[in-house]
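Listed in order, the protein sequences are those of chains W and X. So for the first sequence, this note's numbering puts the first residue at 1; every next one is plus one. So for the second sequence, this note's numbering puts the first residue at 491; every next one is plus one. Okay, so here's the structure we're looking at.
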Amino acid sequence: MITEKVKRELVRMFGRGNILDSDEDRISYSYDGTPILGSLPDAVVIPSSVDQVSKLMVLANEEKFSVVPRGSGSGLSGGSIPGENSVVLLMSKWNNVLEIDKNNLTAWVEPGVVTGKFQSLVESQGLFYPPDPGSSQICTLGGNVAENSGGLRGLKYGVTKNYVLGLEVVMPNGDVMRVGGKNMKDVAGYNLKDVLIGSEGTLGIFTRILLKLIPLPKTGRTLLAFYDSIAGAAATVSEITAARIVPAMLEFLDNPTIRAVESFARLGLDNNAGAVLLVEVDGAGPVVEEDLAAIETVCKKSGATSLRVAADENEGMKLKAARRSAFAALARVRPTTILEDATVPRSELTTMVDFINHTAEKHDIQIGTFGHAGDGNLHPTGLTDERDRAELERTEEAFGEIFGKAVELGGTITGEHGVGLAKKKFFESLYNTPFINMMKTTKQMIDPNCVLNPGKIISVSPRCEGALPRSREQIDRILSKMENPSEAYF
Amino acid sequence: MNHISDDLLTQCMHCGLCLSVCPTYALTGLEKSSPRGRIRLMKSVMEGKLPVSDVFVDEMEFCLDCQACETACPAGVRYGELVESARIFIEKNRERTSLKVFILKNVVVKRNVLHFMARLVRIYQASGMERATLAILGAFHNRLYKLVKQLPRISDSFSINTIPTVSEPGDNPRGTVAVLTGCVMDVFFADINRDTVDVLKENGWKVVVPKDQVCCGSLNAHNGDGETPKTLARKNIEAFEKTNADYYVINSAGCGAFMKQYGEVLAGDRDFSERAKKFAAKVRDFSEFLFQTGYRKPTAHLGKPTVYHEACHLVHAQRVSIEPGALVKDAVGKDFRKLNEATWCCGSAGIYNVVRYDDALKLLKRKMENIKESGAGIVVTGNPGCVLQIRSGALDEGLNIEVTHPATMLNRLYKSENKDRDGGAS
């Protein structure tokens, strides 16, 4: 628990109304979108200036408590779940778009701006911000940068990091750092901006974000292709790639997912289809029509049993919205959905999907799979009930094997949700030691007291615990104890 | 029921997709005022980790029960049921019945008492007393002044007494429908009830108004009283069954939503569970019914920009959105305008605008901004509460905006057709 002294100091700094420490508030900030995980913060702090955030970090270092930044709490790896002796730093009220620069095609935003609202705003001005996480209606841009969120349009347009030009960041020691700017080219110094993007709230707190915008594509068409089996859908994905077409979206749903989505969205999807592909092409009119025709041909050739082209933009929007709901819709099957994001090179898609289904069968669990077929980013989702401990354990075991396979195929354990707490134990065991060590070194260097979102991604101990060794003998003694230098602090 | 269902609570997988549509979360920006947060609080109370604290009670009452979150929830969480059972749980764990529940139980649902009270108010409104009261309150108590000023006009006569029990449309009726005149509708909106009957008749339906019908029970159910609604549902089932009607047409969204749920309300009832299911299957909202069975499109025009405000208990609780939207659009033709945030609660929410006046006012402001932006001269909406609320918003802002029910809109269009015809003939 944070001490009464710290609480008094927080109240003095932020005002009573901006420190929430009732049981009800602590309970309602004890979780995010991640299943099962959760723990109570000691308080929730609502800052109103960069200076306040900076002073909070200074206090955290002095008084040794930790700070956990949070936007809307829609994360899926536990990145914003508070640990012991921590306060939640609520950034969701910083929701102003500060500038849209039409000459440079950039926008300055505060971190609490909701992604979907920002997209609507820039689109109303003929501009486009492509990163499109499934939770875009609620997730915040700050959270997107922290997680380097991907989404449905990753295949053609890339992910969040491709659209971040600059950041204003409060560092763990309270320093306010600025990196990047409106330049499309900038090689002055290390590319620290990209170290911060995707740092999952462990290296700094974003207080202002400079984003890159592009012109809004002139038209878009959406198509659904139904298949008897997953194999046909996977073949289509390879064929589309081979045909040198890059759709804006190339999404895939398996049968359990189709059923769940249909039960929520009632779009008239074929409940008996083995798989469906949702394809969107966008760009200038003639090119779009040409690509659409080519894709239709490929789909039919690869065994699509039926095709449905959205009549207008409205229908296309509905189909895409339904796809975004897939993860939560699966909760209709079983209440606890363990959504993962194992990602493989596109060519390994079929192998991976087969392995997932085989593993589910082996462990006698249910997995619904959907995902961004175009970029190999799958969402195998364990369908279980958190009240059934045994099944939960089997699900976890199955996912251990699935992650192992993904890495073996040259893939990754997480394509877009981050490691956070949920995948921490798989992370260290599946990645090479120098990489893990460099991450730990970086964290220890930037946040020596481990006060900013500790325990996420990797575990490191505070650099200074107790008195520093002073004599040569003391140092030698410590060094001789270290079997694995990466595990100890230095 | 003295607990909140664990299965319903577990169904929430806390993805947070409800946050973007929750009006109270938009007001505070705090998780505890969101559906996801409230569900977590209920879970904590059920697990004994949190007492039935003041903050907990306040959050359950702050919720509008608009159920916008249910529409947004892909996981299919039945949030309305959750918050309603939380309110019942709170009432059960209170030492005294709250005034709110007492009034609903002893005034609203008892027709004699309600009519008596309404007559008193009518006398008060007709005499000079209203102005005197407002003047006094205006000087001393601003909040009470506003509340009292908001009190709508009592209808000159109550519809249950003036609408004939059976109205025949002429030769070869298409079928028989039974109409609920309601409790609030009956005393405040007798005219909407008459319009409802007229429009149904005009479209070839034989209309029956069962005299022994009672209040639907929704206001009690939404406010922490689990038992009264069951008694009312049984009485209504008996009253409506006697009509042998093909459909039961309801012109108030809140009542319609609840009557469609009679099957669940009386699920464990030995004598009534099957009858309740059959009853619920016959219930249709007024606009839904006309749209589905087909209706005669009026040839006259309203001549003013018209928007459709989607009542929460239609769009979210009943998932009836396309039908009334299309009906209004089709009926008013070129006068139709788009209303932004049409599905966002206006703050009426049953008796919410009385018990949580300040919060309701904030929501009303947001609604009025959107209405102003649309340039509407007429707002059509399928729920009496919304009609009252938006009317009072227009009054407060000095706007010349009519707020009306689809039934009144259609009846007026039909009537002005006749006038046009008569005018042309003479």
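Beta carbons: idealized from backbone N, C-alpha and C, even for Gly.
| Asked | Found |
| --- | --- |
| Same chain only: Cβ atoms within 6 Å of L267/W, ignoring 5 sequence neighbours per side | A322 |
| Chain W contact for F826/X (CB, 8 Å cutoff) | no |
| Members of the stretch 334-350 of chain W that neighbour chain X once the beta carbon cut-off is set at 8 Å | P335, T336, T337 |
| Euclidean distance between Cα positions of G618/X and Y842/X | 29 Å |
| Sheet register partners of L127/W (DSSP bridge) | P215/W |
| Span separating the alpha-carbon of F781/X from that of G815/X | 10 Å |
| Assigned exposure category for F264/W - 16 Cβ within 10 Å defines buried | buried |
| Burial state of H493/X (16 or more Cβ within 10 Å) | exposed |
| Distance between beta carbons of Q137/W and S510/X, contact taken as under 8 Å | 4 Å |
| Where A342/W falls: helix, strand or coil (DSSP) | coil |
| Element boundaries [alpha helix (DSSP H), containing V504/W] | With chain W covering only 1 through 490, there is no way to say anything about residue 504/W. |
| Cβ of K423/W within 8 Å of any chain X Cβ | no |
| Unbroken alpha helix (DSSP H) run spanning Q751/X, endpoints | That residue, Q751/X, is in no alpha helix (DSSP H); it is neither H nor E in DSSP. |
| Per-residue contacts from P814/X into chain W (C-beta, under 9 Å) | Within chain W, no residue comes near P814/X; the closest Cβ sits about 18 Å away, beyond 9 Å. |
| I447/X classed as buried or exposed, judged by whether at least 16 other C-beta atoms fall within 10 angstroms | As displayed, chain X neither begins before 491 nor continues past 916, which places residue 447/X out of reach and without an answer. |
| Cross-strand partners of A275/W (DSSP beta bridge) | Y227/W, D254/W |
| Bounding residues of the beta strand (DSSP E) (the contiguous stretch that carries M177/W) | 176-180 |
| Straight-line gap, N95/W to V145/W (C-alpha atoms, nearest Å) | 15 Å |
| Cross-strand partners of I100/W (DSSP beta bridge) | A107/W |
| C-alpha gap between P41/W and K533/X, whole angstroms | 18 Å |
| Cutoff 8 Å: M550/X Cβ touching any chain W Cβ | no |
| Residue nearest to G758/X in terms of C-alpha spacing, selected from L709/X, R526/X, E717/X, L594/X | E717/X |
| Delimiting residues of the alpha helix (DSSP H) encompassing I740/X | It is not in any alpha helix (DSSP H) - I740/X instead sits in the beta strand (DSSP E) that spans 737-740. |
| Spatial distance of N908/X from L554/X (CA atoms) | 42 Å |
| Proximity winner among S471/W, P345/W, V44/W, relative to E234/W (alpha-carbon distances) | Sequence check: residue 234/W is Ala here, not Glu. Ranking S471/W, P345/W, V44/W by Cα distance to A234/W puts P345/W first. |
| Chain X residues whose Cβ lies nearer than 8 Å to that of K443/W | Correct list: empty, because the minimum Cβ distance to chain X is about 28 Å. |
| For K318/W, three-class secondary structure by DSSP | helix |
| Q137/W: contacting residues in chain X (beta-carbon distance under 7 Å) | L507, S510 |
| Contact with chain X by P35/W, beta-carbon distance below 8 Å | yes |
| N104/W versus E280/W - alpha carbon distance | 28 Å |
| Start and end residues, alpha helix (DSSP H) containing F546/X | 544-552 |
| Exposed unless 16 or more other CB atoms sit within 10 angstroms - verdict on L479/W | exposed |
| Chain X residues whose Cβ lies nearer than 7 Å to that of D21/W | Near D21/W there are no residues of chain X at all, since even the closest Cβ is about 12 Å away, more than 7 Å. |
| Residue closest to M352/W, alpha-carbon to alpha-carbon, out of V44/W, L277/W, A231/W | A231/W |
| CB contact below 8 Å: K522/X versus chain W | yes |
| Span of the beta strand (DSSP E), counted from its first residue to its last, around H379/W | 377-384 |
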